[in-house]
Amino acid sequence: MSWRATILTLFPDMFPGPLGQSLAGRALGEGVWSLHAHDLRAHGLGRHRNVDDTPFGGGAGMVMRPDVVDAAIAAATGDDPLPLLYLTPRGRPLQQRDVRRYASGPGVMLLCGRFEGVDERVLDAHAAEQLSIGDYVLSGGEPAALVLLDACIRLLPGVMGSADSATEESFSNGLLEYPHYTRPAEWQGRAVPPVLLSGHHAAIAAWRDAQARDATRTRRPDLWAVHASHPVTNPLPA
Ligand code: SAM
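Below is the structure:
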């Protein structure tokens, strides 16, 4: 059975969007994963199919109603429920280990917020996992859902060309990846690091390891601190 992506959104036409192209698009066509984008508006109330209301306690903006979101979740949940994830800047930062966990399960149901977000009670009632894709505010959860799905889909069996691609890349061992170079060996007066042309595999591996450490230490002191206290020598399984 294919990996399932169920999306609850006010803008179902945003899907598959970029995921209809390239690796993810081919995998979608081949049935490696399936996509069901449910229109939250279909569960809206009254003649205007309202999905939102003013916030209790006052303040700017509108809040997505719990009854509307609950009805959408119920309608989109089949016999085999999927973990419900709510994309929100208030969530825990999404990490590669989360992506690996979701990719190795049956799929995900993603709730995309709009306006000021979703009434907290329906998130509690469904034990939704709240995830952020970064410390900035988007206008809606749809781009965040596309990001999460892209990260998962490339890990599904058979989607990536080389089995090594997922084990050697950034975050697989707690570090950023080393830099890459290709032909020409000299470009605009800039030479490729000579060790990469040496054919000496052990020296290349040592150089790459040092580069990965250096990039992580200088660019991501948060990751470096974790790695330094718990070094991961073997890449985690994809
Ligand atoms: N009032 C919210 C706050 O300050 O935390 C921001 C709401 S935002 C304008 C509307 C929706 O975009 C959110 O409900 C969420 O679904 C999505 N969103 C915005 N930024 C996000 C992020 N960094 N990660 C994941 N989803 C995000």
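All residue numbers for the sequence shown refer to the numbering used here, where the first residue is 291 and numbers rise by one. Heads up, the beta-carbon is just placed ideally off N, CA and C, and yes, glycines get one too.
*asked:* Beta-carbon within less than 8 angstroms of Leu438's beta-carbon, same chain only, minus the 5 sequence neighbours each way: which residues are those?
replied: Leu375, Leu377, Leu384, Val389, Tyr392, Val398, Leu400, Leu421, Ile423
Starting from Trp477, follow its DSSP beta bridges and name the residues at the other end. Arg480
(message) Does the beta-carbon of Ala434, which I'm using as the reference point, lie nearer than 7 angstroms to any heavy atom of ligand 1?
(response) yes
Hey, which unbroken runs of the alpha helix (DSSP H) at 4 residues or more fall wholly within the segment 384-440? 386-393, 410-415
*So is the beta-carbon of Gly479 under 7 angstroms away from any non-hydrogen atom of ligand 1?*
no
Rounded C-alpha distance that separates Cys402 from Val482: 44 angstroms
- Query: If Gly310 and Leu318 are in contact, beta carbons under 8 angstroms, what's the gap, nearest whole angstrom?
  - Reply: Right, the Cβ-Cβ distance comes to about 7 angstroms (below 8 angstroms), so this counts as a contact.
Q: Determine which residues share a DSSP beta bridge with Ala295 and list them.
A: Note: Ala295 sits in a beta bridge opposite Leu325, Val398.
task: Verify the contact flag: Cys442, CB atom, against every heavy atom of ligand 1, threshold strictly below 7 angstroms.
output: no
Go through its chain and collect everything with a Cβ distance to Val358's Cβ below 7 angstroms, but skip five positions before and after it. Leu330, His333, Gly334, Leu335, Val341
So the alpha helix (DSSP H) His491 belongs to, where does it begin and stop?
-> 491-509
Pocket of ligand 1 defined by Cβ to heavy atom distance under 6 angstroms
Leu377, Thr378, Pro379, Arg380, Cys402, Gly403, Arg404, Glu406, Gly407, Ser422, Ile423, Gly424, Tyr426, Val427, Leu428, Ser429, Gly430, Gly431, Ala434
* Asked: Val353 and Phe405 look like a contact to me (Cβ under 8 angstroms); what is the Cβ gap, rounded to whole Å?
  -> 6 angstroms
Note to self: For Gln501 and His416, what's the separation of their Cα atoms in angstroms?
What the structure shows: Each residue's Cα considered, the two are about 44 angstroms apart.
Q: Measuring alpha carbon to alpha carbon, tell me which of Thr367, His470, Pro379, Ala435 ends up nearest Pro302.
A: That would be Ala435, whose Cα lies nearest to the Cα of Pro302.
Which residues share a DSSP beta bridge with Asp343?
Val353
Going by beta carbon distance, what residues of the same chain come within less than 8 angstroms of Asp343, once the five residues before and after it are set aside?
-> Met352, Val353, Arg355
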